[in-house]
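Everything on this sheet refers to the single structure shown next.
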Amino acid sequence: MSNFSTSISVLIGNLPPLVRAELVRLLGSEPAWQVVPVQPARGTVAAIARQYRVDLVIADESGMMELAELAQIHPVPVVLYSSFSLGGARLRQATRWNVHDYFGPWVPQDSPAYVRWRLRLLQQLRAVVLQAGPAPQVLPIARQPTSLPTGIVVLGGSTGGSAAVEKVVSQLLPSNCAILVAVHLPALFTQTLVDRLHRVTSLPVVSGETGTSLTAGKIIVVPGGGNTSIRRGTGSPWISWQTNFVAESNPNSTMPSIDLLMQSVVQTTGRPTLGVILSGLGNDGTEGARAIRQHGGRVVVQRDAAVTAMPQAALHAGCADKELLLRDIADYINQFALQARPGRRLVSSFSHAEQL
């Protein structure tokens with residue numbers, strides 16, 4: 191660590207933009223503090239902390255999933271910023287990842303209480319660094335939390351749907367949403383669709399076998415030859431959601447079922463959900479769209495579909511919010527992803543994911 195008599199180096203994580211800017215300004219004006227001049231992207235906190243050999247990391251509760259990695263490769267004290275109280279058992283759970291204290295909510299500079307609050311915060315941060323003891327024992331990798339998505343997008347289609355999905359995915363921006371893709375295809379063609387999507391996007395694209403975790407920014411193509419639902423993750427104290435693939439023997443049913451996938455998403459995750467029904471025969475997706483809207487989500491259907499049956503079925507059933515041209519659907523998804531902001535949680539199932 192740095193010599194405390196000269197300066198304390200600090201890495202400020204992905205706090206709310208206004209809070210982060212104010213904290214950078216506050217610490218940057220103090221001779222005793224050296225702020226790392228890099229804003230880490232999601233998933234890079236540990237690497238940057240090690241690169242700059244920082245003495246302290248300041249994160250918010252949404253970055254808890256990165257702290258296990260940080261404690262493993264560069265164990266330094268962590269202070270959390272939170273708009274809510276983090277006392278009691280929830281803060282004690284966080285100490286296993288070197289979380290020593292928390293502060294918040296932020297006091298505006300024009301508040302009469304700001305000067306006293308600012309001094310107390312500086313003393314608090316310095317005390318954490320000076321008093322930090324040996325790093326606690328790191329939990330096994332299998333028990334680390336995953337990066338939960340802030341929202342879920344389900345793309346469903348059948349005949350003509352693969353080309354439509356490819357067009358939409360090619361225009362998606364990185365986000366904190368998980369993207370699920372369900373197209374009526376034989377099992378042998380699942381990897382072909384995965385490969386096609388790999389060629390048009392830099393986002394991670396995987397096949398959703400049983401146990402594939404829904405994580406922020408990942409595209410999961412559910413396999414043909416069976417149905418996929420979303421279930422609560424098992425084998426870890428941390429909340430997670432996983433795909434559950436079930437092969438069925440009936441070759442005449444439309445698989446994977448878009449209805450089943452959409453219904454299980456809203457029933458299991460509770461996250462803001464957007465359903466997108468693209469080109470295809472039949473009416474699969476209509477009941478799933480109904481479930482999404484009943485749970486407060488949104489549904490859009492493709493106006494210029496090569497095969498109009500599926501999108502029109504949802505539209506005529508009153509289960510769609512908008513009918514959009516294919517070229518406009520990706521922009522709609524990108525806007526949805528920006529707005530998908532569920533309440534922040536410390537996602538340990540030991541505390542039943544209580545709202546902070």
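Letter by letter, the sequence shown follows residues 191 to 546 of the working numbering.
Glycine included, each C-beta is placed from N, C-alpha and C at the ideal position.
Item, Value
"Sequence-distant residues of the same chain with beta carbon closer than 8 Å to serine 360, five excluded per side", "Val390, Thr391, Ala520"
"Continuous alpha helix (DSSP H) stretch holding alanine 527: start and end", "516-529"
"Element boundaries [beta strand (DSSP E), containing threonine 433]", "431-437"
"Histidine 290 in three-state terms, based on DSSP", "strand"
"Rounded straight-line distance, which links the Cα of serine 301 to that of arginine 232", "32 Å"
"Beta-carbon spacing of glycine 472, alanine 499 below 7 Å", "yes"
"Residue interval of the beta strand (DSSP E) (run including threonine 458)", "First-last for threonine 458: 448-458, but that is the alpha helix (DSSP H), not the beta strand (DSSP E)."
"Spatial neighbours of proline 339 in its chain, beta-carbon cut-off 7 Å, leaving aside the 5 residues before and after", "Asn366, Cys367, Ala368, Leu404, Thr405, Ala406, Arg461"
"Straight-line gap, isoleucine 238 to glutamine 229 (C-alpha atoms, nearest Å)", "9 Å"
"Beta-bridge pairing of arginine 421 - partner residues as DSSP gives them", "Gln432"
"CB contact flag (leucine 375, glycine 414, <7 Å)", "yes"
"Distance between beta carbons of valine 373 and valine 344, contact taken as under 8 Å", "Contact doesn't hold; Cβ gap of about 11 Å is too wide."
"Helix, strand or coil at arginine 232 [DSSP, three-state]", "coil"
"Outcome for proline 267 when other beta-carbon atoms lying within 10 angstroms are tallied against a minimum of 16", "buried"
"Limits of the unbroken alpha helix (DSSP H) element including serine 352", "351-359"
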